[in-house]
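These notes are about the structure you will find just below.
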Amino acid sequence: MTEKVKCLIIGSGPAGYTAAIYASRANLSPVLYEGMQPGGQLTTTTEVENFPGYPDGTTGPELMADLRKQAERFGTDIRFGQATATDLSKAPYRVTIDGEKVIEADTIIISTGATAKYLGLPDETKYAGSGVSACATCDGFFYRNLKVAVVGGGDTACEEAIYLSGLASKVYMIVRKPYLRASKIMQDRVFKNPKIEVLFEHNAVGLTGDKVVQGADLIKRMGEADEEKVHIEIDGFFLAIGHTPNSEIFKPWIKTDEVGYIQTKPGTPITNVPGVFAAGDVADSHYRQAVTAAGSGCQAAIEAEKYLSELYS
Ligand code: NDP
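Start counting the sequence shown at 2; every next residue gets the next number (this note's numbering).
As structure tokens, this is what we get:
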């Protein structure tokens, strides 16, 4: 079963929906597949206060519902389903949905996002949205004058810890090695910051609290003869142990960096395959904000329109 479309959008976060709004209004009749987590990462957050246009804030699920409604209003064909395989060797490009249906598309906008890595503790699920977060810029504001912990020792963890130190009363960094992996400049900033305490050689093994996070159980020098149980009192537990871009099915054709982020021509959503564009977190290891993802979704739709008008001229 093969269906031919002009513009296929894969993914339903802010990048995908914004691309859909622009592509629909440009008469590209886009078909959007929502993927495994309709609405993307934002549907797992609670309040969103930094998306322009919402002076009183909104919630992640509400924001995504609004974007979806706006895309539908202009005629985007939004479908439930996940892209499971691709053949981008020649145009029209072929994308398999749910292992069955094949879509042939003249242009593709990849907006499959990235998934924050978690430690895999059952407590991370138990306290999801009640003290556990993987985004300090999104949720840090709720921890003003409270104590928080950041897990990880890379650049992201240092950046998040420094950001949180401007809001929280105390920031612990929980680092499993005896050193930070982050760049020297970030390490210096962390060590100079009086609000940040780095707990080297500590692993988080559980969270405590009645309904919301109130503490974390750690083990110092886990597995060594002198291992020691440590408890810290915290109100927020932030994961910063990396993200995995959802680019696996495109890798045979699309250039990615060593982590898997899709590489685009700087400042544009243009990939190495003509007519295939990438927007949002799948191509952005740096900013990872809803508003920047939305902006790149807009760019991708504009580029898709330009590509199609040349193709059909
Ligand atoms: P990294 O992979 O660099 O660091 C991940 C950190 O998390 C490491 O300290 C790692 O520990 C730790 N970690 C991973 N898994 C676990 C686990 N299961 N338990 C405990 N700790 C764990 O990821 P980042 O997101 O920090 O950075 C990704 C890339 O983006 C890097 O290249 C970075 O330089 C870049 N970046 C640059 C920024 C900047 O220049 N301003 C800002 C943010 C990111 P361990 O060291 O033991 O493996």
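For glycine and all other residues, C-beta sits at the position ideal for the given N, C-alpha and C. Bear in mind that the values here come from a model prediction, so they are computed numbers and not experimental data.
Local conformation of residue i per DSSP, three classes
| i | result |
| --- | --- |
| residue 113 | coil |
| residue 255 | coil |
| residue 167 | coil |
| residue 81 | coil |
| residue 201 | strand |
| residue 96 | strand |
| residue 62 | helix |
| residue 151 | strand |
| residue 272 | coil |
| residue 134 | strand |
| residue 52 | coil |
| residue 180 | coil |
| residue 261 | coil |
| residue 144 | helix |
| residue 15 | helix |
| residue 279 | strand |
Cβ distance (whole Å) where residue i is taken to contact residue j below 8 Å
| i | j | result |
| --- | --- | --- |
| residue 250 | residue 84 | 6 Å |
| residue 224 | residue 182 | At roughly 20 Å, the Cβ-Cβ gap does not stay under 8 Å, so residue 224 and residue 182 are not in contact. |
| residue 236 | residue 215 | 7 Å |
| residue 24 | residue 279 | Not quite, the Cβ-Cβ distance comes to about 15 Å (not below 8 Å), so this is no contact. |
| residue 294 | residue 15 | 4 Å |
| residue 290 | residue 138 | 7 Å |
Buried/exposed call for residue i, threshold 16 Cβ in 10 Å
| i | result |
| --- | --- |
| residue 342 | The question about residue 342 has no answer, for the chain in this structure spans 2 to 314. |
| residue 90 | exposed |
| residue 310 | exposed |
| residue 126 | exposed |
| residue 158 | buried |
| residue 2 | exposed |
Residue i - partner residues in DSSP beta bridges
| i | result |
| --- | --- |
| residue 5 | 105 |
| residue 86 | 97 |
| residue 229 | 221 |
| residue 33 | 10, 79 |
| residue 173 | 150, 198 |
| residue 244 | 117 |
| residue 209 | 216 |
At least 3 beta-carbon pairs within less than 8 Å: the stretch 220-228 vs the stretch 182-193: Verdict: no, contact absent.
Contact between the stretch 264-277 and the stretch 166-185 (3+ Cβ pairs under 8 Å): No, they do not touch.
Cβ contact check for the stretch 276-295 and the stretch 251-263: 3 or more pairs under 8 Å: Segments in contact, yes.
Segment contact flag, the stretch 202-211 with the stretch 170-189, C-beta cutoff 8 Å, min 3 pairs: Segments in contact, yes.
The stretch 3-21 in contact with the stretch 30-39 per 3-pair CB rule at 8 Å: Enough Cβ pairs lie closer than 8 Å, so yes.
Given 8 Å, three or more beta-carbon pairs between the stretch 230-246 and the stretch 131-139: Contact between the stretch 230-246 and the stretch 131-139 is present: three or more C-beta pairs spanning the two stretches fall below 8 Å.
Segment contact, 8 Å Cβ cut-off, at least three pairs: the stretch 297-310 with the stretch 17-31: Contact between the stretch 297-310 and the stretch 17-31 is present, because at least three Cβ pairs lie under 8 Å.
Three CB pairs or more closer than 8 Å across the stretch 98-111 and the stretch 56-64: Taking a cut-off of 8 Å for Cβ pairs, the stretch 98-111 and the stretch 56-64 do not touch, as fewer than three such pairs fall below it.
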